[in-house]
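J.:
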Amino acid sequence: MASGSPTPNVRPCMGASQRTNPQGTHLTVALPPSAVQLAQLKTQASRAFAMKNYDQATKLWSDALNLGPSDEDVALIRNNMAACHMVKKRWNMAVQECSVALSKQPDYVKALMRRGKAYESMKDYVKAAGDYEKVGDW
């Protein structure tokens, strides 16, 4: 068999990630079940959001939070949940989700902008301006 050719009858397992090392060899790295589950839930939630099924997307992202994701993932998920609340005009819930996202990742511009927009929608222009100013400072 030629060098660099894949090994016959070897398939990556579910939850495996394909990586290439500096020598160009493909490696299969197994991910822990919770990481696989998290990735699946995030993908399903994103699809639900794209299909405008905002309540389903929020539920799936909420389920993903129960898997103990990293702070970065929590920030992303909470910001995505806030997007669902924004579409449904649930401004207070959007503010809450963005605030949690920002507690995990204080420099998350997208969450600041979204929270500012929610404040603006609630006619709380002082808080909206505060969030927009923070973005301008970066």
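Those letters in the sequence shown? Residues 49 to 186, per our numbering, in order. All C-beta atoms in this analysis are idealised placements derived from N, C-alpha and C, irrespective of residue type, glycine included. Just so it is clear, the structure is predicted and the values come from calculations on it, not from any experiment.
Less than 6 Å between C-beta atoms, sequence neighbours within five positions excluded: which residues of the same chain meet that for Leu89?
T.: Excluding sequence neighbours, Leu89 sits near Leu108, Asp111 and Ala112.
J.: Whose C-beta lies closer than 8 Å to the C-beta of Asn127 among residues of the same chain, with five residues either side of it excluded?
T.: Correct list, in chain order: Glu145, Cys146, Ala149, Tyr156, Lys158, Ala159 and Arg162.
J.: Express the C-alpha separation of Asp179 and Ser94 in angstroms, rounding to a whole number.
T.: Distance between the alpha carbons of Ser94 and Asp179: 26 Å.
J.: Just how far apart, CA to CA, sit Val183 and Asp121?
T.: Taking the straight line joining both Cα atoms gives about 21 Å.
J.: Candidates Asp185, Val174 and Ile125: which alpha carbon is nearest Leu86's?
T.: When each option's Cα is compared against that of Leu86, the closest is Ile125.
J.: From Lys136 to Ala130, what does the alpha carbon distance come to, in whole angstroms?
T.: Whole-angstrom Cα-Cα distance: 10 Å.
J.: At the level of alpha carbons, what is the spacing between His133 and Val84?
T.: Taking the straight line joining both Cα atoms gives about 26 Å.
J.: CB-CB under 6 Å to Trp139, same chain, minus the five flanking residues each way: which ones, in chain order?
T.: Result list for Trp139: Ala166, Ser169 and Met170, in chain order.
J.: Work out the CA separation of Asp185 and Phe97 for me, nearest whole Å.
T.: If I take the Cα positions, the gap works out to 31 Å.
J.: Would you kindly check if the distance between the Cβ of Ser151 and the Cβ of Leu25 is under 7 Å?
T.: Lying outside 49 to 186, the shown extent of the chain, residue 25 is not represented and no answer is given.
J.: Can you give me the start and stop residues for the alpha helix (DSSP H) that Met99 sits inside?
T.: Premise fails: Met99 is in no alpha helix (DSSP H) and is neither H nor E.
J.: Excluding the five sequence neighbours on either side, which residues of its own chain have a C-beta within less than 7 Å of the C-beta of Gln153, listed in chain order?
T.: Here the set comprises Asp119, Glu120 and Ala123.
J.: Please work out which residues of its chain come closer than 6 Å, Cβ to Cβ, to Val143, disregarding the five sequence neighbours upstream and downstream, and give them in chain order.
T.: Closer than 6 Å at Cβ, skipping near neighbours: Arg163 and Ala166.
J.: Should Tyr173 be labelled buried (16 or more other beta-carbon atoms within 10 Å of its own) or exposed?
T.: Tyr173 is exposed by the Cβ-count criterion.
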